[in-house]
Each structure stands twice: as C-alpha cells, then as structure tokens.
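Undergrad: My questions all concern the structure below.
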Amino acid sequence: YPEGVQHLLREGYFNGECKGTLAEVLQVETPYRLAIETALGEAAVSLIVEATDHALKGIEVLRSKKKGTATFLPLEKFVSNGSSQVLEIDKILKSSSGTGLIGWAFNLVKCPEDFRPMVKSFLNDYLVVENLDSAKNYAEKLKNHRVNLVTLSGEVLSTWGPIKGGASLKDEAGIVGRKELLTELEKKLDKCQNGLKELENQSDQTEQKYLETFKQVQTLAESIKKLETQKTEIEVEIAQLNFEIIKEKENHERICKERDALLENEKQLKQQLSEVAPSLNDLNKDKFRFESEFDQISTELQELENQLNSQRAVTQDSRVKLVGIKSEEKHLQEEIVRLQDMERELNENKTKIEEELIAVTSEYSELEKKIESIKNQLNKDFEARQKLEEKVHSIEHEYLQNKEQLEQQEKQVRELRIARDEVSEKLHEMELRVSELTMEKNRIQERMREEYEVKLKRAPIDESLNYEVLAEEISQLKNRIRAMEPVNLLALKEYEKEKSRLDFLTSQRNDLIEAETNLNQTIKVINKTARERFLKYFEMIRQNFVKVFTGFFEEGRADLKLAPNEDPLEADILIEADPKGRRLGPLTILSGGEKALTAISLLFAIYLVKPSPFCILDEVDAPLDDTNIGRFLKAIRTFSKNTQFIIITHNKITMREADCLYGITMEEEGVSKVVSVKLEDLELQK
C-alpha cells in the first residue's frame, strides 16, 4: 500500500469510519484475481469511507503529518443505477459465437451489498476473457461500444483505444485476494507454531531425560565410591585377622616347643635320678667294709643328698611349670578352637564378600561402560555444540549483513515509493478524471436516449489538443513506473524464516550452554570434594610426619607445607626437616642418612593414615649408619605390632633384629636355593 494508506490504517484515525481498502472487501476466486486487480488499477488500494467529510479529514491528516497521499471512496457518492450498455452487450454476446468469454468483472466479485454500487462503477465496463486472442475477437464484435476486455493474465484491450499488457516486473502476490492469502498463511503459521511447540516439548522431555540419566550416573558413581571404600575396609580387616591368626598359630607352635623342651628336661632329670640310685645301693653295701672312710663317705653322701634335694626342687619346679604349661596349653587349645571357629566364620564372610565383590565389580564395569558411553556422547554433543556455535556466528554475521542490505533496500524502496506515489497519483488523477467524464458522458447519453430517444454521436475531436505530446507524456509516466525497482514484499517473510532459524539455533546454543554449565558445576563439586579430602588427609599425614620424625630425632623438627597461592591439587609439597633442632630447611642440607630417615618418616606417616597388614622395604637401611640403624629398627619394632615387615637388606644389625631370615645360596653352579632360619628356634635350642 502507498505510504499515506499505510499511515491511516496503522494509526486508526477514523474510529470505524474507514471500511478498509477496496481490495480488502472483495472476495475473488484465485483464477480471476489478477484480472480484477488489473481492472481496478489504483482504485484497489483506495480507502472506503462513509462520507466526503471523512475523506477530507484523512487528507488533512496526511497533509499535516506529511505522510504522502491516499485516494478515498465515499460510499455516499455511489448509487445503484442500471446500465443499458450491459444489456445491449449481453444481447450481442448471446447472439454471437465465440470462445474464451468468462463474464462481466463485477459478476466475478463477491462483496457486501453496501459496496456493490461502488464496485460496479469501477468494473461496469470490464469483460473478463481467457486470453488475448479472445479479447481481440470480442473487441471486434463490440467495437461500437465503449468496453474494456481484460484477460486472466492481466492484459487489457479497450474498444476505444488503450491497450495494456506485457510481463510484470514484480513476482509477488496481488493486492486483490491478499487477505485470503494472509488467512491461509496464518493458518499455516499456526500449524507450524504448533509443530514447533511439539518439537520444543520433545526437546524439553529429551533434556529432562538427559538430566535424570546424568543424576543417576552421579548417584551410581557415589555408590561405587562407597562400595570401593567398604571393599578396602573389609580387605584391611581380613588381612589383619589373617595376620592375627598367623601370630596365634606361631605362639601355639612356640608354646608346644617349650612344653616339649620341658618334658625332655624332666626326662633327663629322671634319668639322672635313676643313675644316682644304684650308687646309693653300692655305698650301703660297702658301708661296713669302708667304716674308715665313713666320714668321707658321709660327707659325699651329704653332698649327694644335697644334690638330690636340689634336683628334686628342680623337678618340683619343672612339674609346677609343666602344670602351668598344660593349663596354658589347654587355654591355647581353647583359643585355637575359638580362632578356628572365627577363621571358619571369616572364611564364610570372605566367600560372601568375594561374591558381593564379583557382583559389584560386574556392576562397576557396566557402570564404567555407561559412563564412558555418556562421556563419548557428551564429547559428540560438545563437538556438535561447537559446530552449531560456529554456524550461529556465521548466521548472525550473515544476518547482520542482510539486515544492513535490507535497511538500505528499504530506504531505497521508501524513496522509490514516494516517487512512484507521486507519479501514480498524477496518473490516477488523470484516470479518475477520464472515468468521471466517461461516467458523465454515459449518464448523459442514457438520459438523452431514455427521455428524448436521441442517440448522441461522439463529439468532434478538439484540434487544439496535441495528442503526440500527451501520448509522449503518458509513455514517459508509464516508463517511470516500469523503471522503478521491484519491491521485495517477501523480504519480511524471508526475515521471519531466517529469524525462526536463528531462534532455533539460539535455543540449541542455550541448551548446550546450560549443559556445559551443569558439567562445569559437577566438575567444581568434584574438585571441591577432592580439595577437602586432600587437605584433610594432608593435615593428618603432616601431624604423623612430625610425630614419627621426632621419634627418630628427639630434638629434631619437621614439617610438610603446600606451595602458597596455588590450587592444593596442583601445588608442590615442600618437605622441611632439621634433625638437630636448628632452623627448618630443605632436604638438600641433610646428610644421606638423615635424608633416608626423613623419607622413612614420611612413609610411616602415610602408612599411619591408611595402614596395611604387611609392608615391603627394599634396602632402605643402606645409607644409614649404626646410630640411625638403631633408630630405624626401633621404629620397625613399634610398627610390627600390627604389621608384618619384609625387609630386603645386607646390614648385619638389621638381620640380627629379624624374627626370620631368608637367604639365597648356590650350592651347585646355576642352581639357586632358598634357605630360611627362624631365630626364635635357635634361641630355644640353645
């Protein structure tokens, strides 16, 4: 629509006095729309008002606002009147033969009855035919009547002169029927919006499922961590119980060996008594023969009696010890039975735990596969998100470029529309004047024919008119109209389409950003938990390190520190130690033995936080002197109450403190042999 018409319709100055444009009130079937629009010409975009005053009001508004011009059609100016020309032409058409005739233009239009006179006044002399050949045929038959023949493709052939036709420079929907087209497009738009809502709902459901799955994965991961912790605790408990069982068995074996040794000692004493008894008998037999030696023999006898009493006392002590040993043996046997029951129960629990561990391990493997699958999917989603972001950036860039071009084109269109409106207004005024004169002439001819039965002839041509100049002026005006660049009325539709695409991509981008935010939040939670646990265990290890180090060096000091101003998980750990109670310093200023004991202190500090049933040390005493060896072995003895230590060493002092030695020898060339010695057995034998 022209700028003036758009302004009046948009601002709503008439308060219901304006009925819209002529094209809006017409209902035309699709095949005839172009023909009707061509017949109406500029009148199609004219505004329908109730009265002339309303039209003048609209003109005043446009003049004051400087918003262009508009044509008004006051309904009061159009009255219903018959036309004898239509009847005459109908008679001619019925009596003549021919094809391609469709009918009068006003009969092809549907509109409210109030607008029928106005529509008829504009379409009264227009016949609609199929094509240009039909138009030429009927123009020849109706050459004595003033009538216009319009084809379905928009050509106009007038019996009184003008001919209009050619190809349209604009590929767009016509003004007539645009309302019906907009209604159809609105229905399609509603359908598309409903489809979009369904897709959005599906997207929300998919996102909800993703979040639920993600929460399930987190829950399963926490369950796995708890099960792993329980598994570790159970394994430690089982190892400790196995260690206690081994210790009890060793104690039982040691007590049995002590009992056997005591029994052997008692046997020897009895044998000695049996040896002494024959000597006493011999002495009694020789008493009478050796009276001279009575005193000496009495003395010897007294000594033997003393020895016998001593041996009896030893025997009595041995018997007491034997009773105690038997009592202890009975107690140990009961303890062994209890430990065997406990071992059997532990084995049963161990079997159950192993079965549970197998099930948990299987479930853990499946969860790891699921987590790996989800990670792969997240990586794919992240890559897709990056591609979408790149595409969004590209589309945004293209959108900005198109927007600038569209603004420039709109500016050019506005300028061209202003120029076109001016030219169209002049042309329209001329056409209206011609139409008014034609209508006035027809009314006069009709009146003269009805009242006086006189048929007026065409007035003579005014010789003063320069028709060449007028034709040239009309041609120039038409050329100016044709030269105007076409207005892309689909630009708004294309903009909406691109905007819809951009909104969709923006929504996808927002979803990816939200997913990224959730992942970052999860990573933050994991990092926070890791930092808290790290700092907790680091402090425990630091305190243990200080205690163990002071156990090695009574006047020494040591400490563990984290590098400042850094993430605890990434920070360096600083070890400071001073065995002699001076200022704390780095390990580089310590001797080799001091460094070794510092490292062992840190090892035991970590061990105290999470102990194990056994520990293997490989030549850790190599750099230690005799003094530090003693400190090291003292610490080993302290920790060996709960843990079994296996030490690989070449140090004699360390070997002397061991409970059991294992050595490798080669009696034959190329054949190694393991030799084991339990030092407790050697001491008992001694």
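According to this note's numbering, the sequence shown holds residues 652 to 1337 in order. A virtual CB, placed ideally from N, CA and C, is assigned to each residue, including glycine.
Cβ atoms of Phe723 and Ala706: under 8 Å apart, would you say?
TA: Along the sequence shown, one-based indexing puts residue 706 at 55. Along the sequence shown, one-based indexing puts residue 723 at 72. Yes, they are a contact pair.
Undergrad: Just verifying my parser: in three-state terms, what is the DSSP assignment at Gly709?
TA: Here residue 709 corresponds to residue number 58 of the sequence shown, with the count starting at 1. Residue state, collapsed to three classes: helix.
Undergrad: Between which residues of its own chain and Lys670 is the CB-CB distance below 6 Å, once the five residues before and five after are set aside?
TA: Position 19 of the sequence shown, counted from the start, is the residue given in the question as residue 670. Hits under 6 Å: Ile699.
Undergrad: Based on the DSSP secondary-structure assignment, which residues constitute the bridge partners of Cys1266?
TA: Position 615 of the sequence shown, counted from the start, is the residue given in the question as residue 1266. Beta-bridge pairing links Cys1266 to Phe1296.
Undergrad: Would Phe1204 and Pro1237 be called neighbours here (beta carbons separated by less than 8 Å)?
TA: As a position in the sequence shown, residue 1204 is number 553, starting the count at 1. As a position in the sequence shown, residue 1237 is number 586, starting the count at 1. Not a contact, by the Cβ cut-off of 8 Å.
Undergrad: Just reading off the alpha helix (DSSP H) that Pro768 is part of, what are its end residues?
TA: Locating residue 768 in the sequence shown gives position 117, counting from the first residue. That run of the alpha helix (DSSP H) goes 767 to 774.
Undergrad: Evaluate the contact criterion for the region 737 to 753 versus the region 786 to 798: three or more CB pairs, one atom per stretch, below 8 Å.
TA: Touching, per the Cβ criterion.
Undergrad: For His658 and Val712, what's the separation of their Cα atoms in angstroms?
TA: Translated into the one-based positions of the sequence shown, residue 658 becomes position 7. Translated into the one-based positions of the sequence shown, residue 712 becomes position 61. C-alpha separation (whole angstroms): 10 Å.
Undergrad: Quick one, are the C-beta atoms of Tyr1313 and Ser1291 less than 8 Å apart?
TA: The sequence position of residue 1313 within the sequence shown is 662, counting from 1. The sequence position of residue 1291 within the sequence shown is 640, counting from 1. Not in contact: Tyr1313 and Ser1291 (Cβ atoms no closer than 8 Å).
Undergrad: With DSSP as the reference, label Asn1130 as helix, strand or coil.
TA: Against the sequence shown, residue 1130 aligns to sequence position 479. Asn1130: helix per DSSP, three-state reduction.
Undergrad: Beta-carbon within less than 7 Å of Asp822's beta-carbon, same chain only, minus the 5 sequence neighbours each way: which residues are those?
TA: Within the sequence shown, residue 822 is the residue found at index 171, counting from 1. In this prediction, Asp822 has a pLDDT of 43, which is less than 50 and means its spatial position is unreliable; nothing more can be read from the coordinates.
Undergrad: Would you list the one or two residues that DSSP bridges to Arg1208?
TA: On the sequence shown, position 557 is the one that residue 1208 refers to. Asp1229.
Undergrad: Kindly indicate which three-state DSSP category Leu659 falls into: helix, strand or coil?
TA: Position 8 of the sequence shown, counting from 1, holds the residue named residue 659. Helix at Leu659.
Undergrad: Where does the unbroken alpha helix (DSSP H) through Tyr777 begin, and where does it stop?
TA: Against the sequence shown, residue 777 aligns to sequence position 126. Premise fails: Tyr777 lies in the beta strand (DSSP E), 777 to 780, not in any alpha helix (DSSP H).
Undergrad: Does the Cβ of Asp776 have 16 or more other Cβ atoms within 10 Å, making it buried, or fewer, making it exposed?
TA: In the sequence shown, residue 776 corresponds to position 125, counting from 1. With 16 or more Cβ atoms within 10 Å of its Cβ, Asp776 is classed as buried.
Undergrad: Who are the Cβ neighbours of Lys1246 in its own chain at under 6 Å, not counting the five residues just before and after it?
TA: Start at 1 with the first residue of the sequence shown, and residue 1246 comes out as number 595. For Lys1246, where only same-chain residues beyond five positions count, the Cβ hits under 6 Å are Leu1238.
Undergrad: So for Glu999, helix, strand or coil by DSSP?
TA: As a first step, residue 999 must be located in the sequence shown, where it is residue number 348. Glu999: helix per DSSP, three-state reduction.
Undergrad: How would you call Ser715, buried or exposed, if buried means at least 16 neighbouring beta carbons within 10 angstroms?
TA: Counting from 1 along the sequence shown, the entry for residue 715 is found at position 64. Flag for Ser715 reads exposed.
Undergrad: Return helix, strand or coil for Lys1124, following the three-state DSSP convention.
TA: Numbered from its first residue, the sequence shown carries residue 1124 at position 473. Inspection of the sequence shows that residue 1124 is occupied by Glu rather than by Lys. Glu1124: helix per DSSP, three-state reduction.
Undergrad: Is it true that the region 747 to 762 meets the region 778 to 790, where meeting means three or more beta-carbon pairs spaced less than 8 Å apart?
TA: Yes: at least three Cβ pairs fall under 8 Å.
Undergrad: Put Phe723 into one of helix, strand or coil per three-state DSSP.
TA: Translated into the one-based positions of the sequence shown, residue 723 becomes position 72. The answer is strand: DSSP assigns Phe723 an E or B state.
Undergrad: Identify the residues that DSSP records as bridge partners of Gln678: which are they?
TA: Here residue 678 corresponds to residue number 27 of the sequence shown, with the count starting at 1. Lys761, per the DSSP bridge assignment.
Undergrad: If you check the beta carbons only, do Thr810 and Ala786 fall under 8 Å apart?
TA: On the sequence shown, residue 810 is found 159 positions in, with the first residue counted as 1. On the sequence shown, residue 786 is found 135 positions in, with the first residue counted as 1. In this structure, Ala786 does not lie closer than 8 Å to Thr810 by Cβ.
Undergrad: Closest to Thr1201 by C-alpha separation, out of Cys1311, Ser1252, Ile814, Glu727, would be which residue?
TA: For the purposes of this step, residue 1201 is identified with residue 550 of the sequence shown, where counting begins at 1. Residue Ser1252 is the option with its Cα nearest to Thr1201.
Undergrad: From which residue to which residue does the beta strand (DSSP E) around Thr672 run?
TA: By one-based count along the sequence shown, residue 672 stands at place 21. Where Thr672 is concerned, the enclosing beta strand (DSSP E) stretches over 669 to 672.
Undergrad: Phe1185 and Leu1220 - do their beta-carbons sit closer together than 8 Å?
TA: By one-based count along the sequence shown, residue 1220 stands at place 569. By one-based count along the sequence shown, residue 1185 stands at place 534. Cβ distance < 8 Å, so Leu1220 and Phe1185 count as in contact.
Undergrad: Evaluate Asn1279 with the Cβ neighbour count: other Cβ atoms within 10 Å of its Cβ, from every protein chain shown; 16 or more gives buried, anything less gives exposed.
TA: Residue mapping note: residue 1279 aligns to position 628 of the sequence shown, counting from 1. Under this definition Asn1279 is a buried residue.
Undergrad: If you follow the alpha helix (DSSP H) that Ile1315 is in, where does it begin and where does it stop?
TA: On the sequence shown, residue 1315 is found 664 positions in, with the first residue counted as 1. Per DSSP, Ile1315 belongs to no alpha helix (DSSP H); it is in the beta strand (DSSP E), 1311 to 1319.
Undergrad: On a CA-only basis, which of Lys877, Val1176, Leu677 is nearest Phe773? Give me that one, please.
TA: As a working note, residue 773 is residue 122 in the sequence shown. Per the Cα distances, Leu677.
Undergrad: Which same chain residues end up closer than 7 Å to Pro682 when comparing Cβ atoms and leaving out the 5 residues on each side of it in sequence?
TA: As a working mapping, residue 682 is identified with position 31 in the sequence shown. The residues are Leu803.
Undergrad: Going straight from the alpha carbon of Lys1031 to that of Glu1023, what length do you get?
TA: Position 380 of the sequence shown, counted from the start, is the residue given in the question as residue 1031. Position 372 of the sequence shown, counted from the start, is the residue given in the question as residue 1023. Spanning the two alpha carbons is a distance of roughly 12 Å.
Undergrad: Decide if Lys1129 is buried, meaning its Cβ has at least 16 other Cβ atoms within 10 Å, or exposed.
TA: Position 478 of the sequence shown, counted from the start, is the residue given in the question as residue 1129. The residue in question, Lys1129, is exposed, as its Cβ has fewer than 16 Cβ neighbours within 10 Å.
Undergrad: Quick one: what does DSSP say Glu823 is sitting in, helix, strand or coil?
TA: Along the sequence shown, one-based indexing puts residue 823 at 172. Below a pLDDT of 50, predicted positions are generally treated as unreliable, and Glu823, at 48, falls in that range; no measurement from the model is reported.
Undergrad: So the beta strand (DSSP E) Gly754 belongs to, where does it begin and stop?
TA: Locating residue 754 in the sequence shown gives position 103, counting from the first residue. Residues 752 to 755.
Undergrad: Could you tell me the distance, in whole angstroms, from the CA atom of Phe1296 to the CA atom of Val1199?
TA: Reading the sequence shown from its first residue, position 645 is the one you call residue 1296. Reading the sequence shown from its first residue, position 548 is the one you call residue 1199. Roughly 17 Å separates the two Cα atoms.
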